[in-house]
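Going by the UniProt record's numbering, the sequence shown opens with residue 1, and the numbers climb by one from there.
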Amino acid sequence: MPWEDEIVMRDVTHAGLVVGDRIGREVASQLDLEEALEASRYASHPYSTHSREWPPLVEVVDNWELPLVLIERYNAAGGEGNSLRGIFPEIRRAWASVDSSLFLWRVNKWDGQCPEYSGEDQAICAIGLAKSKPAIQYLLILATPVEFSLMVSAFYQLNLVGVCCSGGADGTDPYAEVSLQPLPEYTVPSDGITMTFITCTDKGRIFLAGRDGHIYELHYTTGSGWQKRCRKVCLTAGIGSVISRWVVPNVFKFGAVDPVVEMVFDNERHILYARTEEMKLQVYIVGQNADGPLKKVAEERNLINQRDQYGGRQSTGPRSSNRLTKSSIVCISPLSTLESKSLHLVAVLSDGRRMYLTTSPSSGNLGGFNTNHYKPTCLKVVTTRPSPLLGVSGGLAFGSMSLPGRSQNNDLSLKVEAGHYCAATTSSLLIVSRDSTAQSTGLSTSGISSRSSRALRESVSSLPVEGRMLSVADVFPLPDTATTVLSLYSEIEYGGYEGLDESCEKVSEKLWARGDLSIQHILPRRRVVVFSTMGMMEIVFNRPVDILRRLFEANTPRSILEEFFNCFGASEAAAMCLMLAARIVHSETLVSNVVAQKAAEAFEDPRLVGMPQLGGSSALSSTRTTAGGFSMGQVVQEAEPVFSGAHEGLCLCAARLLFPLWELPVMVIKGGLGSADITMSEDGLVVCRLSLEAIQVLENKIRSLENFLRSRRSQRRGLYGCVAGLGDLTGSILYGAGSE
Numbered sequence: 001m002p003w004e005d006e007i008v009m010r011d012v013t014h015a016g017l018v019v020g021d022r023i024g025r026e027v028a029s030q031l032d033l034e035e036a037l038e039a040s041r042y043a044s045h046p047y048s049t050h051s052r053e054w055p056p057l058v059e060v061v062d063n064w065e066l067p068l069v070l071i072e073r074y075n076a077a078g079g080e081g082n083s084l085r086g087i088f089p090e091i092r093r094a095w096a097s098v099d100s101s102l103f104l105w106r107v108n109k110w111d112g113q114c115p116e117y118s119g120e121d122q123a124i125c126a127i128g129l130a131k132s133k134p135a136i137q138y139l140l141i142l143a144t145p146v147e148f149s150l151m152v153s154a155f156y157q158l159n160l161v162g163v164c165c166s167g168g169a170d171g172t173d174p175y176a177e178v179s180l181q182p183l184p185e186y187t188v189p190s191d192g193i194t195m196t197f198i199t200c201t202d203k204g205r206i207f208l209a210g211r212d213g214h215i216y217e218l219h220y221t222t223g224s225g226w227q228k229r230c231r232k233v234c235l236t237a238g239i240g241s242v243i244s245r246w247v248v249p250n251v252f253k254f255g256a257v258d259p260v261v262e263m264v265f266d267n268e269r270h271i272l273y274a275r276t277e278e279m280k281l282q283v284y285i286v287g288q289n290a291d292g293p294l295k296k297v298a299e300e301r302n303l304i305n306q307r308d309q310y311g312g313r314q315s316t317g318p319r320s321s322n323r324l325t326k327s328s329i330v331c332i333s334p335l336s337t338l339e340s341k342s343l344h345l346v347a348v349l350s351d352g353r354r355m356y357l358t359t360s361p362s363s364g365n366l367g368g369f370n371t372n373h374y375k376p377t378c379l380k381v382v383t384t385r386p387s388p389l390l391g392v393s394g395g396l397a398f399g400s401m402s403l404p405g406r407s408q409n410n411d412l413s414l415k416v417e418a419g420h421y422c423a424a425t426t427s428s429l430l431i432v433s434r435d436s437t438a439q440s441t442g443l444s445t446s447g448i449s450s451r452s453s454r455a456l457r458e459s460v461s462s463l464p465v466e467g468r469m470l471s472v473a474d475v476f477p478l479p480d481t482a483t484t485v486l487s488l489y490s491e492i493e494y495g496g497y498e499g500l501d502e503s504c505e506k507v508s509e510k511l512w513a514r515g516d517l518s519i520q521h522i523l524p525r526r527r528v529v530v531f532s533t534m535g536m537m538e539i540v541f542n543r544p545v546d547i548l549r550r551l552f553e554a555n556t557p558r559s560i561l562e563e564f565f566n567c568f569g570a571s572e573a574a575a576m577c578l579m580l581a582a583r584i585v586h587s588e589t590l591v592s593n594v595v596a597q598k599a600a601e602a603f604e605d606p607r608l609v610g611m612p613q614l615g616g617s618s619a620l621s622s623t624r625t626t627a628g629g630f631s632m633g634q635v636v637q638e639a640e641p642v643f644s645g646a647h648e649g650l651c652l653c654a655a656r657l658l659f660p661l662w663e664l665p666v667m668v669i670k671g672g673l674g675s676a677d678i679t680m681s682e683d684g685l686v687v688c689r690l691s692l693e694a695i696q697v698l699e700n701k702i703r704s705l706e707n708f709l710r711s712r713r714s715q716r717r718g719l720y721g722c723v724a725g726l727g728d729l730t731g732s733i734l735y736g737a738g739s740e
């Protein structure tokens, strides 16, 4: 065996310590969202703009018009028919209803198919998609009115339709075809209540919001018997209200009601949030396992002004607190436990602000991600994020920083009409995402600098949207990629992936919440589809490594490349160069040889990644002499090595590759009886935690990294410019030109 291939146990042990330390630092760098928002209160500029010299952060990859059959049907109705629109990301389909017809088509590409479902006789007034019991993948819930001329009033009924997805001829796309199966036995009248919204849980529970202000649940069973297969239960009405319905039908009640217009369910904390027409927010719990009765625990009306009443924190920002128009809530979305343990809900306001709320009486770290024993008791605003300013002609301005040619005094206030967590639009799509460059800031001994490095900074991009935006949804990775990710990250306790029954889509969302830097090697670029009145638009979020790749492809001047290294830091930029050079980054297209070579050269360039050196001063000493003149000798401070960015980048790559299994067992015990902890049961089955595909993906990436380092060593370049005194030292980032 050549001496270069000999494995020295001391080196392996030291490498393990370095990787373990880097993983620990990586975990510690994942701040709770509340901490980042608290630190941003003292930041003068919570938003940043993307460098004009770099490739765009967000770009449109495809546009296509609405299906012709849908446009013809809508025009035939004279533009006055009852029409609903939305996106079902679970089945990769957009949907639209025109009176009694429902149309479905592919959300991320146009394949020429737009099946029509017209099994109903009356107009559709609400639509929802739920996970179902075995044999059918999903259930489509349709709420329609049925006319009874005898009573001269409208009654409504609920219908269930089975939805099945199947692959195409080559089997590579599991969502190539969608079939709808009517279920005539699963129909229930809604007793004169117009359903306004339908939401579902991951366990298949179906909640419906009625215009009477109550929340209902739809129960169904697959068995045969004397009991109805489908029934509707009111969850929020008391006994008196139920009795009054038997005496006086709802259609003859004319009292003022506050209908629910939006519901979202937090599948981690098992909390149902409801937003009413009069801007009230309601909080309901459904038990520890999401299978208990619905119980209201809080209801708040004046949340927008609650900051002054309860002392909620207001982030520093350019927006003045005095507003000419009254703000309203346009969108609510639960926050995952990975994003924050103490913040539970975010509400987007019509003026672009975001309110972060909690259901805990005292904000703060709840301690751990296991929320099974946590019970919400209230709803209050913790902090408010200011809105970015939309300047004249679509320009963006932030505080005292404005884009060239834009006057701060001429900016326009945002008027948000729809939202998707943090995306909203009027005539343009305003996209707010975490600024990855801010995460690269090194630790500082200064309290102000340290607080600034923890502050949440977001990058804002603006894209024109033709027509009015109707809906926005993520395009999740294909099941093969998502299954691999689920296998790798399903049991990381501090990552919040405790449930193996969690869907691949949910795991992808949680990984996206970690930020681009730590997951760009395992997940593809994030894609979002925008549904507007004029068509569909697919946009993609370029990760930092994609921006660096485009810089290499475009033969970018060195000054711009140096700016990239300065913004992200030498270690992060070197890690991205290493991912491109070793081709371990997850990409839709293969990294070209030219890009790989340029990335390798940048990884070995001491002007970009720096030179290793000894920190401190080796000459620092102190001589002490006693009264008798006896010298106590010198106290010499040992100099600590300061490694180059290439060394730190290599540590980052290795740590992120090994992160899913570094401190977790590969073999676990599953299926044990009588034990709450399936990993500790003695009568369970010993299985491998990782799937075969996940092991292969991980091994291929590690092998690619190993092969790249071996090739550089064989060429006696870069890190291996000098190995035990052998080889050419020219260009070595460890010893420099002309060193020994």
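All C-beta atoms, glycine included, are put in the ideal place defined by N, C-alpha and C.
This structure is a prediction, so every number in the text was calculated from the model and none was measured.
On the criterion of 16 or more Cβ atoms from any shown chain inside 10 Å, does Gly610 qualify as buried, or is it exposed?
By 1-based counting over the sequence shown, the position of residue 610 is 610. Burial call: buried.
Measure from the alpha carbon of Glu572 to the alpha carbon of each residue in Val530, Pro293, Phe541, Arg656, then state which is nearest.
One-based indexing of the sequence shown puts residue 572 at position 572. With distances taken between Cα atoms, Glu572 lies closest to Arg656.
Please classify Gln613: does DSSP put it in a helix, a strand, or coil?
Counting from one through the sequence shown, the residue named residue 613 turns up at place 613. The answer is strand: DSSP assigns Gln613 an E or B state.
So Pro376 and Ser360 are in contact, right, with Cβ under 8 Å, and what is the actual spacing, rounded?
By 1-based counting over the sequence shown, the position of residue 376 is 376. By 1-based counting over the sequence shown, the position of residue 360 is 360. Right, their Cβ atoms sit about 7 Å apart.
List the endpoints of the continuous alpha helix (DSSP H) containing Phe708.
For the purposes of this step, residue 708 is taken as residue 708 along the sequence shown, with counting starting at 1. Its alpha helix (DSSP H) spans residues 692-714.
Could you tell me which of Ala76, Cys114, Gln288, Arg689 sits nearest to Lys670, measuring between CA atoms?
As a position in the sequence shown, residue 670 is number 670, starting the count at 1. It is Arg689.
Going by CA-CA distance only, name the one from Ile285, Met469, Glu299 that's closest to Pro293.
Sequence index remark: in the sequence shown, residue 293 carries index 293 (1-based). When each option's Cα is compared against that of Pro293, the closest is Ile285.
What's the call for Leu17, buried or exposed, on a 16-neighbour Cβ count within 10 Å?
Position 17 of the sequence shown, counted from the first residue, corresponds to residue 17. Exposed, by the Cβ-count rule.
Name the two residues that bound the continuous beta strand (DSSP E) containing His219.
In the sequence shown, counting from the first residue as 1, residue 219 sits at position 219. Counting along the chain, the beta strand (DSSP E) containing His219 begins and ends at 215-220.
Determine which residues share a DSSP beta bridge with Leu208 and list them.
As a working mapping, residue 208 is identified with position 208 in the sequence shown. Looking at the DSSP assignment, Leu208 forms a beta bridge with Ile198, Tyr216.
Let's see if you can read the secondary structure: which residues bound the alpha helix (DSSP H) around Arg10?
Looking up residue 10 in the sequence shown gives position 10. Run containing Arg10: 9-28, per the alpha helix (DSSP H) assignment.
Opposite Ile91 in the DSSP bridges: which residues?
Indexing the sequence shown from 1 puts residue 91 at position 91. Ile91 is not bridged to any residue.
Output the distance between the C-alpha atoms of Asn593 and Glu177, rounded to the nearest integer angstrom.
Here residue 593 refers to the residue found at position 593 when the sequence shown is read from its first residue. Here residue 177 refers to the residue found at position 177 when the sequence shown is read from its first residue. If you take the alpha carbons of Asn593 and Glu177, they lie about 37 Å apart.
Assign Thr222 to buried or exposed, taking buried as 16 or more other Cβ atoms, counted over all protein chains shown, within 10 Å of its Cβ.
For the purposes of this step, residue 222 is taken as residue 222 along the sequence shown, with counting starting at 1. Its Cβ having fewer than 16 others within 10 Å, Thr222 is exposed.
So what does DSSP say about Val286, is it helix, strand or coil?
Residue 286 sits at position 286 when you count from the first residue of the sequence shown. Three-state DSSP puts Val286 in coil, outside helix and strand.
Taking just the CA atoms, how far does Leu511 sit from Tyr175?
Residue 175 sits at position 175 when you count from the first residue of the sequence shown. Residue 511 sits at position 511 when you count from the first residue of the sequence shown. Their Cα atoms are separated by approximately 23 Å.
Note down the Cα distance separating Glu588 from Ala582, rounded to an integer number of angstroms.
Reading the sequence shown from its first residue, position 588 is the one you call residue 588. Reading the sequence shown from its first residue, position 582 is the one you call residue 582. Taking the straight line joining both Cα atoms gives about 16 Å.
Near Leu183, what residues of its chain come up, given a Cβ to Cβ distance below 7 Å and the 5 sequence neighbours on each side ignored?
If you number the sequence shown from 1, residue 183 lands on position 183. Excluding residues within five positions, the ones whose Cβ falls inside 7 Å are Leu160, Val161, Gly162.
For my contact list, Cys230 and Ala298 are in at a C-beta cut-off of 8 Å; report their separation, rounded to the angstrom.
Taking the first residue of the sequence shown as 1, we reach residue 230 at position 230. Taking the first residue of the sequence shown as 1, we reach residue 298 at position 298. That pair is no contact at about 31 Å.
Identify the residues that DSSP records as bridge partners of Leu349: which are they?
The sequence position of residue 349 within the sequence shown is 349, counting from 1. Leu349 is bridged to Ile329.
Using the Cβ count rule (16 or more neighbours within 10 Å means buried), how would you classify Arg457?
Residue numbering aside, residue 457 sits at position 457 when the sequence shown is read from its first letter. Counting Cβ neighbours within 10 Å, Arg457 comes out buried, since at least 16 surround it.
Determine the direct distance from the alpha carbon of Val485 to that of Leu208, and round the result to whole angstroms.
In the sequence shown, residue 208 corresponds to position 208, counting from 1. In the sequence shown, residue 485 corresponds to position 485, counting from 1. Looking at the two C-alpha atoms, the distance is approximately 33 Å.
Just confirm the distance between the C-beta atoms of Ser436 and Asp516, as a whole number of angstroms; I'd bet it's less than 8 Å.
Numbered from 1 along the sequence shown, position 436 holds the residue referred to as residue 436. Numbered from 1 along the sequence shown, position 516 holds the residue referred to as residue 516. Right, their Cβ atoms sit about 5 Å apart.
Which class does Asn159 belong to by DSSP, given the choice of helix, strand or coil?
The residue you call residue 159 lines up with position 159 of the sequence shown. In this structure, Asn159 counts as strand in the three-state DSSP scheme.
Three-state secondary structure (DSSP) at Gly645?
Translated into the one-based positions of the sequence shown, residue 645 becomes position 645. Gly645: helix per DSSP, three-state reduction.
From the DSSP secondary-structure annotation, give me the bridge partner or partners of Ser471.
Working through the sequence shown from its first residue, we reach residue 471 at position 471. Answer is Phe531.
Any idea what DSSP makes of Phe265, helix, strand or coil?
Numbered from 1 along the sequence shown, position 265 holds the residue referred to as residue 265. Strand, per DSSP.
Alpha helix (DSSP H) containing Val485: first to last residue?
Looking up residue 485 in the sequence shown gives position 485. Unbroken alpha helix (DSSP H) run through Val485: 479-489.
Cutting at 6 Å between CB atoms, please list the residues of its own chain near Gly645, excluding the five before and the five after it.
In the sequence shown, the residue the question calls residue 645 occupies position 645. Closer than 6 Å at Cβ, skipping near neighbours: Ala570, Ser571, Ala574, Val609, Gly610.
Express the C-alpha separation of Leu463 and Val432 in angstroms, rounding to a whole number.
To locate residue 432, count along the sequence shown from 1; it is residue 432. To locate residue 463, count along the sequence shown from 1; it is residue 463. C-alpha separation (whole angstroms): 11 Å.
Smallest Cα separation from Val19: which of Arg712, Cys651, Ser714, Leu709?
Numbered from its first residue, the sequence shown carries residue 19 at position 19. Per the Cα distances, Cys651.
Name the one or two DSSP bridge partners that Gly569 has.
Counting from one through the sequence shown, the residue named residue 569 turns up at place 569. In DSSP, Gly569 forms no bridge with anything.
State the Cα-Cα distance for the pair Gln30 and Arg514, rounded to the nearest angstrom.
Your numbering for residue 30 matches position 30 in the sequence shown. Your numbering for residue 514 matches position 514 in the sequence shown. Each residue's Cα considered, the two are about 7 Å apart.
In the DSSP assignment, what residue or residues form a beta bridge with Val687?
By 1-based counting over the sequence shown, the position of residue 687 is 687. According to DSSP, which records beta bridges pairwise, Val687 is partnered with Val668.
Contact between the stretch 36-52 and the stretch 78-94: three or more CB pairs below 8 Å?
Flag = no, the stretch 36-52 and the stretch 78-94 do not touch.
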